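Report on the structure given below.
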Amino acid sequence: MNEILKNIYDRRAVRKYKNVSVSKDLIEILLDAGRMAPSAMNRQPWKFYVLTDVKKIKAFSKEIAENAIKEIKHVSPKEASEVNLSSFHLSTMINFLKNEDHVFYGAPVVIFITSPKTDEWGAIDTGMCAQNIMLAAKALGLDSCPVGFARFITQAKDYYKLNIPDEEQVQLAIIVGYGDEQPEVHERMENNAVYL
Ligand SMILES: Cc1cc2nc3c(=O)[nH]c(=O)nc-3n(C[C@H](O)[C@H](O)[C@H](O)COP(=O)(O)O)c2cc1C
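Residue 1 is where the sequence shown starts when you use our numbering, and the numbers rise one by one after that.
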């Protein structure tokens, strides 16, 4: 199979990492791949905040999980149904977050990706950027996982230490490291294309 296609098929969300750091040179290659993503009007709205201090990553992980649980518990059944979340899903998510380090999974690198709050295409552009980073990671023998829960970082007491300006929104984080698991492929739905 073509190398790029193989990379796309082989990438998994990896949630267990070896206790091995990732060199700054490799991180730079990942960010450069992210910067090559397309963006609306070529605005390149992304900014990267890279955390490699394992102690700080662990502390944020714990605090994000606590804040996420509080927030999820406040979601009313009506709100949950609007985003297709059943009470089963909600309780599963809460249980999931209660476990040890289930936000950043012991990864040695967390890349927070932000875009200006005013940029209407920010979420899509940063999503494309994130995918480039994850595929580049795979190509370099690294693993990754996108972490939407990272959005709760704004409520962490040490959030200010990341120096993210108020005008920016944390869209998501990508965790990166040397994976210590080989997750099964999640089956993909296929009945979602309409030829016209
Ligand atoms: C926008 C987005 C947010 C995600 N947030 C999380 C998260 O907070 N925690 C997590 O463990 N996985 C998260 N994931 C990973 C998905 O669960 C995963 O990609 C999906 O189950 C498919 O598995 P695969 O990536 O191995 O194919 C997220 C994925 C995306 C695209």
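Quick reminder that beta carbons are idealized off the backbone N, C-alpha and C, glycines included. In this text, all values refer to a predicted model and were calculated from it rather than measured experimentally.
With contact counted as at least three CB pairs below 8 angstroms, one residue from each stretch, are the stretch 156–165 and the stretch 102–109 in contact? no
Can you look up Asp143 in the DSSP assignment and give me helix, strand or coil? Residue numbering aside, residue 143 sits at position 143 when the sequence shown is read from its first letter. It is a strand residue.
So, for Ala173: in the same chain, excluding its five sequence neighbours on each side, which residues have a beta-carbon less than 8 angstroms away from its beta-carbon? For this step, residue 173 is matched to residue 173 along the sequence shown. The answer, listed in chain order, is Phe104, Val110, Ile111, Phe112, Ile113, Pro146, Val147, Ala150 and Ile153.
Nearest-angstrom Cα distance between Asn99 and Asn19? Stepping through the sequence shown from its first residue, residue 99 is reached at position 99. Stepping through the sequence shown from its first residue, residue 19 is reached at position 19. If I take the Cα positions, the gap works out to 19 angstroms.
Residues near ligand 1, CB to any non-hydrogen atom under 5 angstroms, in chain order? Arg12, Ala13, Pro146, Val147, Gly148, Phe149 and His186
Using the three-state DSSP reduction, which class does Val185 fall into: helix, strand or coil? Within the sequence shown, the letter at position 185 stands for residue 185. Here Val185 sits in coil by DSSP.
Segment contact flag, the stretch 23–41 with the stretch 133–140, C-beta cutoff 8 angstroms, min 3 pairs: yes
What residue from Ala123, Glu181 and Lys55 has the CA that sits closest to Asp231's CA? The chain is shown only over 1 to 196; residue 231 falls outside these bounds and no answer can be derived.
Considering only the beta carbon of each residue, do Gly179 and Lys58 sit closer than 8 angstroms? Looking up residue 179 in the sequence shown gives position 179. Looking up residue 58 in the sequence shown gives position 58. Taking 8 angstroms as the Cβ cut-off, Gly179 and Lys58 do not qualify as a contacting pair.
For Phe96, the first and last residue of its enclosing alpha helix (DSSP H): To locate residue 96, count along the sequence shown from 1; it is residue 96. Run containing Phe96: Ser87 to Lys98, per the alpha helix (DSSP H) assignment.
Those runs of the alpha helix (DSSP H) which lie wholly inside the stretch 111–178 and span at least 4 residues: 122–139
Which stretch, first to last residue, makes up the alpha helix (DSSP H) that contains Leu5? Here residue 5 refers to the residue found at position 5 of the sequence shown. Counting along the chain, the alpha helix (DSSP H) containing Leu5 begins and ends at Glu3 to Asp10.
Using C-beta distances below 7 angstroms, list every residue in its chain close to Ala123, excluding the 5 sequence neighbours before and after it, in chain order. What you label residue 123 is simply residue 123 of the sequence shown in a count that begins at 1. Excluding positions up to five away in sequence, the list reads Gln171.
Given this structure, state the Cα-to-Cα distance separating Lys138 from Leu5, to the nearest angstrom. The count along the sequence shown starts at 1 and reaches residue 138 at position 138. The count along the sequence shown starts at 1 and reaches residue 5 at position 5. Taking the straight line joining both Cα atoms gives about 12 angstroms.
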